[in-house]
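Chains as they are written, first to last, in my numbering: chain A, 15 to 578; chain B, 21 to 162.
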């Protein structure tokens, strides 16, 4: 590259040219080429920063490439490529444009060297991604998109406010370690926390992602939350609070994942649970833990995209992704089944798959730092992940009772995209060294020891045994068509109910007040009418003669008074 | 008023589950095999529900190909293989030196017990949780 182009801009500018490219093969080629060009240009750039601007006395750094941002840049480009390939059959130009711009915005944010640049890209990811949700096309998608947009924009507003306070107190806008010491740090922490789906701030994720189109969700799953992980790793490494938040995040979504019927929503819950591992890793903050969090984000983007692709393919072909409607699809979609199982193995952390070589770093780091309770929670969550993502997803979609559905195998572009992701999941698991080499800190960690392999296998196989026993005894809760309430009930139901009640009572009060005032006015009119209306005393007509008589009488009275 | 139909659905489903318990159960979805055994054992339907269902199924399914997993005995085979693997994994604890951070990790078969016990409890807890949190599918659309 002769000129250094900011990495994110290639996709953003490129995305807005998509509608101008003739549809068909030229457009498909162009869509695939963009992420490749972006990735190559990123690889050609040297570590360091450029695009520095001075604004109102503050240094803004548009692009800062270092070990941490580099890893995220690479995986974001790979994810953009795979997801684009997966959606190549789609004719929805709006979704394609929005998706590429969204990927570009996330990449731009990952390379932002200051808080203002970060804020701009941060809001851009929200604005572009909401179009992907709306591309789902249903009324539910529209409503979910609205809620998503409000929450995401709010996160951006918090970030901007935090940046301003931070600039006031420290005199710098640079995006480095922030910490929770100042009020600015807390505001930015909350902004990151919303995007990272911290407990009780998480519902936008499970609400919106499953409403997007089969292809859109693959894009959504990759960028927003992992960008937040990157931001936390940059601004808050070693913050102990994060260990506890992360441990809570790994544990509570798995209960919902077990009972949720929409399999893409199950994946959204398991996405939340996986984020918990990364958040805990960032919180532990040792070199091993940060490496673990970053590499887990890397591996996670691939296997989560793979699982969303498999469920997307099912939704695309069978018309539904609900566990209660599916089953027995392996008979007609064997390839998709196979890829889904690879994704399941990777997310569960089976030896030889990517989750194993990355998640075990976080677990080891937690034990190293003597976080006993978080360690046990993470262990429990590892077994739980296998339950809902490892077994439940493939089992209810492809096996279980035969639904009688025989959808066609997924289109070729979907199969190739899933194949690439599956190969990467497997490849990283077998040969993790290339991934370890690009991590922020030197890696002195051997994943394949006898202890690791045997203990992990014990954990997983016994978890599988529990599933089998529960199924055999009929104790396993059957998949039901249902809505499962989560925290969003408070703002989707309770909140609106309260607002409705308040408005109702206000309108009742207003009605009462109105009728009271009408009564008052009526009374005044009545009184005026009584005193000054026709026939009233004040309005009675009298002749001039009467007046003269009265005057004479008064004068006579005066005379008598004067002369006596 | 919202709860009634679902409660019914649960009990109905549970009955259905039990009646089909011996059939079509599949454990860890690891093996997909297309080398169909031509004559899968088909038991006679055990309840009227089931009969209607399988009749409906047959109509819908044009390809009558039988798959290895259609046979309940093969599903059981997978289950026994799984049990065998679990036993082997526990036994293997005796043959190597565990490098652990905490003492309790060194307990014989700790990770197996932990994995089985907690995921069992996880499912039971979720089952109970669902009783409180379940609503109709169109709950938020109304």
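Think of the CB as a built atom: it goes at the ideal place given N, C-alpha and C, for glycine as much as any other residue.
Practice item. Using only alpha-carbon positions, find the residue among A/485, A/186 and A/389 that is nearest to residue 70 of chain A. Key: Here residue 70 of chain A is taken as the residue at index 56 of the first chain, counted from 1. The residue with the shortest Cα to Cα distance from residue 70 of chain A is A/186.
Check your understanding: Nearest CA to the CA of residue 455 of chain A: which residue from A/505, A/24 and A/303?
Key -> Translated into the one-based positions of the first chain, residue 455 of chain A becomes position 441. For residue 455 of chain A, the nearest C-alpha among the options comes from A/303.
Review point. Which term fits residue 58 of chain A, buried or exposed, when burial requires 16 or more other beta carbons within 10 angstroms of its beta carbon?
Key: Locating residue 58 of chain A in the first chain gives position 44, counting from the first residue. Residue 58 of chain A should be labelled exposed.
Point to revise | Nearest-angstrom beta carbon gap, residue 142 of chain A and residue 112 of chain A [assumed within contact, 8 Å] | key: Counting from 1 along the first chain, the entry for residue 112 of chain A is found at position 98. Counting from 1 along the first chain, the entry for residue 142 of chain A is found at position 128. With a Cβ gap of about 5 Å, residue 112 of chain A and residue 142 of chain A count as contacting.
Practice item. Quick one: grab the DSSP three-state call for residue 46 of chain A. Key: Working through the first chain from its first residue, we reach residue 46 of chain A at position 32. DSSP places residue 46 of chain A in helix when its eight states are reduced to three.
**Study point:** Where the alpha helix (DSSP H) through residue 368 of chain A begins and ends
**Key:** On the first chain, residue 368 of chain A is found 354 positions in, with the first residue counted as 1. Residue 368 of chain A -> alpha helix (DSSP H) spans 368-382.
Practice item. Closer than 8 Å by beta-carbon distance: list the chain A residues that pair up with residue 103 of chain B, in chain order. Key: If you number the second chain from 1, residue 103 of chain B lands on position 83. Ordered by position in chain A, the residues that pass the 8 Å Cβ test against residue 103 of chain B are 479.
Exercise for review: Please determine, among A/241, A/19, A/406 and A/472, the residue with the shortest C-alpha to C-alpha distance to residue 113 of chain B.
Suggested key: Sequence index remark: in the second chain, residue 113 of chain B carries index 93 (1-based). When each option's Cα is compared against that of residue 113 of chain B, the closest is A/472.
Point to revise | 8 Å Cβ cutoff, residue 81 of chain B in contact with chain A | key: As a first step, residue 81 of chain B must be located in the second chain, where it is residue number 61. Low confidence applies to residue 81 of chain B: its pLDDT is 47, below 50, so where it sits in the model is not reliable enough to give any reading.
Check your understanding: So what does DSSP say about residue 417 of chain A, is it helix, strand or coil?
Key -> Numbered from its first residue, the first chain carries residue 417 of chain A at position 403. Residue state, collapsed to three classes: coil.
Check your understanding: For residue 62 of chain A, which three-state DSSP category applies?
Key -> For the purposes of this step, residue 62 of chain A is identified with residue 48 of the first chain, where counting begins at 1. In this structure, residue 62 of chain A counts as strand in the three-state DSSP scheme.
Check your understanding: What did DSSP end up calling residue 336 of chain A once you bin it into helix, strand or coil?
Key -> To locate residue 336 of chain A, count along the first chain from 1; it is residue 322. Residue 336 of chain A falls in the strand class under three-state DSSP.
Point to revise | Buried versus exposed, by CB contacts within 10 Å (16 or more), residue 28 of chain B | key: Here residue 28 of chain B corresponds to residue number 8 of the second chain, with the count starting at 1. For residue 28 of chain B, the pLDDT reaches just 43, beneath the cut-off of 50, and the residue's location in the model is therefore unreliable, although a value from the coordinates is still provided. Under this definition residue 28 of chain B is an exposed residue.
Exercise for review: For residue 154 of chain B, decide whether its Cβ has a neighbour in chain A, counting only Cβ atoms nearer than 8 Å.
Suggested key: Taking the second chain and counting its residues from 1, the one referred to as residue 154 of chain B is at position 134. Closer than 8 Å to some Cβ of chain A, the Cβ of residue 154 of chain B qualifies, so yes.
Exercise for review: Closer than 8 Å by C-beta to residue 581 of chain A: which residues in its own chain qualify, once you throw out the five before and the five after it? Chain order, please.
Suggested key: A query on residue 581 of chain A cannot be resolved here, the shown segment of chain A reaching from 15 to 578 and no further.
Check your understanding: Is it true that the CB of residue 90 of chain A sits closer than 8 Å to the CB of residue 124 of chain A?
Key -> Here the question's residue 124 of chain A lines up with position 110 in the first chain. Here the question's residue 90 of chain A lines up with position 76 in the first chain. Result yes, Cβ atoms of residue 124 of chain A and residue 90 of chain A sit closer than 8 Å.
Check your understanding: What is the DSSP secondary structure of residue 221 of chain A, counted as helix, strand or coil?
Key -> Locating residue 221 of chain A in the first chain gives position 207, where the first residue counts as 1. If DSSP states are grouped into helix, strand and coil, residue 221 of chain A belongs with the helices.
Review point. What is the rounded straight-line gap between the Cα of residue 141 of chain B and the Cα of residue 391 of chain A?
Key: The residue given as residue 141 of chain B occupies position 121 in the second chain. The residue given as residue 391 of chain A occupies position 377 in the first chain. Going from the Cα of residue 141 of chain B to the Cα of residue 391 of chain A covers about 14 Å.
Check your understanding: If we cut at 8 Å on Cβ distances, does residue 484 of chain A have a partner in chain B?
Key -> For the purposes of this step, residue 484 of chain A is identified with residue 470 of the first chain, where counting begins at 1. Judged by the 8 Å Cβ criterion, residue 484 of chain A is in contact with chain B.
Practice item. Give me the Cα-Cα distance between residue 150 of chain B and residue 242 of chain A, rounded to the nearest whole angstrom. Key: Translated into positions along the second chain, residue 150 of chain B becomes position 130. Translated into positions along the first chain, residue 242 of chain A becomes position 228. Their Cα atoms are separated by approximately 31 Å.
**Study point:** Same chain, Cβ closer than 8 Å to residue 24 of chain A, five either side skipped, listed in chain order
**Key:** Residue mapping note: residue 24 of chain A aligns to position 10 of the first chain, counting from 1. If we look at residue 24 of chain A and ignore the five residues flanking it on each side, its Cβ neighbours are 48, 51, 52, 55 and 118.
Check your understanding: Counting along the chain, where does the beta strand (DSSP E) carrying residue 537 of chain A start and finish?
Key -> Stepping through the first chain from its first residue, residue 537 of chain A is reached at position 523. Not the beta strand (DSSP E): residue 537 of chain A falls in the alpha helix (DSSP H), residues 509-546.
Exercise for review: List the residues of chain B that residue 495 of chain A touches, going by C-beta distances under 7 Å, in chain order.
Suggested key: Locating residue 495 of chain A in the first chain gives position 481, counting from the first residue. Near residue 495 of chain A (Cβ distances below 7 Å), the residues of chain B are 157.
**Study point:** Neighbour-count burial assignment, residue 559 of chain A, 16 or more Cβ in a 10 Å radius
**Key:** Position 545 of the first chain, counted from the start, is the residue given in the question as residue 559 of chain A. So residue 559 of chain A ends up on the exposed side.
Review point. Between residue 249 of chain A and the rest of its own chain, which residues show a CB-CB distance below 6 Å, the 5 nearest in sequence each way excluded?
Key: Translated into positions along the first chain, residue 249 of chain A becomes position 235. Cβ neighbours of residue 249 of chain A beyond the five flanking positions: 192.
Review point. Does DSSP put residue 68 of chain A in a helix, in a strand, or in coil?
Key: Residue numbering aside, residue 68 of chain A sits at position 54 when the first chain is read from its first letter. Three-state DSSP puts residue 68 of chain A in a strand.
Point to revise | Proximal residues of chain B, C-beta to C-beta of residue 490 of chain A below 7 Å | key: In the first chain, counting from the first residue as 1, residue 490 of chain A sits at position 476. In chain order: 143.
Practice item. Using alpha carbons as the reference points, say which of B/146, B/125 and B/102 lies closest to residue 483 of chain A. Key: In the first chain, residue 483 of chain A corresponds to position 469, counting from 1. Of the candidates B/146, B/125 and B/102, the one whose C-alpha sits nearest the C-alpha of residue 483 of chain A is B/102.
Check your understanding: The alpha helix (DSSP H) spanning residue 244 of chain A covers which residue range?
Key -> Position 230 of the first chain, counted from the first residue, corresponds to residue 244 of chain A. Residues 238-249.
Review point. Residues of chain A with a CB under 7 Å from the CB of residue 87 of chain B: which are they?
Key: Residue mapping note: residue 87 of chain B aligns to position 67 of the second chain, counting from 1. By Cβ distance, chain A contributes 345.
Review point. Which of helix, strand or coil does DSSP assign to residue 214 of chain A?
Key: Translated into the one-based positions of the first chain, residue 214 of chain A becomes position 200. Residue 214 of chain A falls in the coil class under three-state DSSP.
Practice item. Give, in chain order, every residue of the stretch 267-290 of chain A whose Cβ lies closer than 7 Å to some Cβ of chain B. Key: 268, 269, 272 and 273
Check your understanding: DSSP puts residue 253 of chain A in a beta bridge; with which residues?
Key -> Taking the first chain and counting its residues from 1, the one referred to as residue 253 of chain A is at position 239. Partner(s): none; residue 253 of chain A has no beta bridge.
Exercise for review: Compare the C-alpha of residue 336 of chain A against each of A/280, A/68 and A/134 and name the closest.
Suggested key: To locate residue 336 of chain A, count along the first chain from 1; it is residue 322. Here the closest residue by C-alpha is A/280.
Review point. Less than 7 Å between the CB of residue 400 of chain A and some heavy atom of the ligand SAH, yes or no?
Key: In the structure shown, the ligand SAH is absent, as is every other ligand, since no ligand is present at all.
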